[in-house]
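So that you can map any letter, position 81 of the sequence shown is 78 in our numbering, and since no number is skipped, the others follow by simple counting. First comes the structure, then the notes that go with it.
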Amino acid sequence: MIEHFKELYSYRALLTAFVVRDLKARYRHTSLGIAWAIIQPLFLMFIFTLVFSYFFKVSTGGPPYPIFSYVALLPWTFISKTFSASGSKFVGSRGLISKIYFPREIIPFSIVLSGLVDFFFGSLVFIAMLVYYQIPISVSFLYLLLLLPTQIILATGLSLLGSVLTALFRDVEFAMPLFIQIWMYASPVIYSVRNLHERFRPFFYLNPATGILDGYRDSIILGRNPDFGFLVTSFLISVATFFVAYWLFKRLEYLVVDIL
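Spelled out as structure tokens, the structure:
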């Protein structure tokens, strides 16, 4: 695997070119351009606030619901959009894949990096919300040093997995939106796991998004340490997902090229 990463590093200029291409293709012919990276999570925040705060009265444990939901929507949007885009982007690059040689994992990696650009712009709005709601900076912010890498590792693993599975089984591209929708409601985007009954919490250990989303919420807006069990489990599952997905991707790489 070290040799693969060395080869990938030698193609870093191509990786950068793919990232730029993804960003240009995503916002080409749009009036608002990169602003959509801010508008999409903001729109979902308004909808969730209206439905789950005013109608269903979801408990937040203190902070206003808009920032309670937005802090989880940011990493969730990054993970879900990276996963959902991986298959179509990989299959859509079959012309390049079949004609010239380059490390094919550059494509899913570039999807993750371009998603990080959107995540950065969405984070600017979140910083403004922290100031508006007067959320103080605390030592628990240091957990971001673990949360952000975990989020990126998970998204990269899912991007690799989505790419190879969609190339082999085209039905995956149609099933993926349904899976992501179910996964969102099974993740603490609109609620916190801490507000659930104790007997339901063990099931959430199987979901790697749990420790990430509630970790952001706990460490940033609630100023407390995230649940250690959820955090460690999310990190381990994310790392395992990445290595298994990368191994599967490289093992099936030449078969995928023939199919494409």
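Each residue gets a CB set at the ideal place from its N, CA and C atoms; glycine is no exception. Please read all numbers here as calculations on a predicted model, not as lab measurements.
Ignore the nearest five residues each way along the sequence and tell me which others in residue i's own chain have a CB closer than 7 Å to its CB.
i, result
"Leu12", "Ile103, Phe106, Ser107"
"Val236", "Ile150"
"Leu41", "Leu70"
"Tyr213", "Val68, Ala69, Pro72, Leu144"
"Ala82", "Ile108"
"Ala183", "Asn204"
"Ser231", "Thr147, Pro205, Thr207, Gly208, Ile209"
Quick check on residue i: does DSSP put it in helix, strand or coil?
i, result
"Tyr67", "helix"
"Ile104", "helix"
"Gly59", "coil"
"Ile97", "coil"
"Arg25", "coil"
"Ser90", "coil"
"Ile134", "coil"
"Lys54", "coil"
"Tyr8", "coil"
Can you give the beta carbon distance from residue i to residue j, rounded, assuming they're within the 8 Å contact cut?
i, j, result
"Ala152", "Phe80", "7 Å"
"Ile148", "Ile209", "It should be pointed out that residue 148 corresponds to Gln in this sequence rather than to Ile. The pair is a contact, with the Cβ atoms about 5 Å apart (cut-off 8 Å)."
"Leu162", "Ser216", "Contact flag wrong, Cβ pair sits at about 33 Å."
"Val253", "Ser95", "With a Cβ gap of about 10 Å, Val253 and Ser95 do not count as contacting."
"Tyr62", "Thr46", "5 Å"
"Gly220", "Tyr202", "Between Tyr202 and Gly220 the Cβ distance is about 24 Å, and since that is not below 8 Å, they are no contact."
"Ile31", "Tyr24", "6 Å"
"Glu250", "Arg101", "6 Å"
"Tyr6", "Phe99", "With a Cβ gap of about 13 Å, Tyr6 and Phe99 do not count as contacting."
Buried or exposed, going by whether 16 or more other CB atoms sit within 10 Å of the CB of residue i?
i, result
"Lys86", "buried"
"Ala206", "buried"
"Gly58", "exposed"
"Lys78", "buried"
"Pro185", "buried"
"Tyr188", "buried"
"Ala164", "buried"
"His28", "One detail in the question is off: residue 28 reads as Ser in this sequence, not His. Counting Cβ neighbours within 10 Å, Ser28 comes out exposed, since fewer than 16 surround it."
"Val128", "exposed"
Excluding the 5 residues preceding and the 5 following residue i in the sequence, name in chain order all residues of the same chain whose CB lies nearer than 6 Å to its CB.
i, result
"Ala242", "Gly154, Leu157, Leu158"
"Pro60", "Ile218"
"Ser135", "Gly220"
"Asn192", "Ser56"
"Arg18", "none"
Which residues in the same chain as residue i place their Cβ atom closer than 8 Å to its Cβ, once the five residues preceding and following it in sequence are excluded?
i, result
"Ser120", "Leu71"
"Ile76", "Gln148, Leu151, Ala152, Leu155, Ala206, Ile209"
"Arg167", "Val88"
In chain order, each alpha helix (DSSP H) run of at least 4 residues that lies wholly inside the segment 152 to 235: For the segment 152 to 235, whole alpha helix (DSSP H) runs of length 4 or above, ordered along the chain, are 168 to 182, 198 to 201, 205 to 213.
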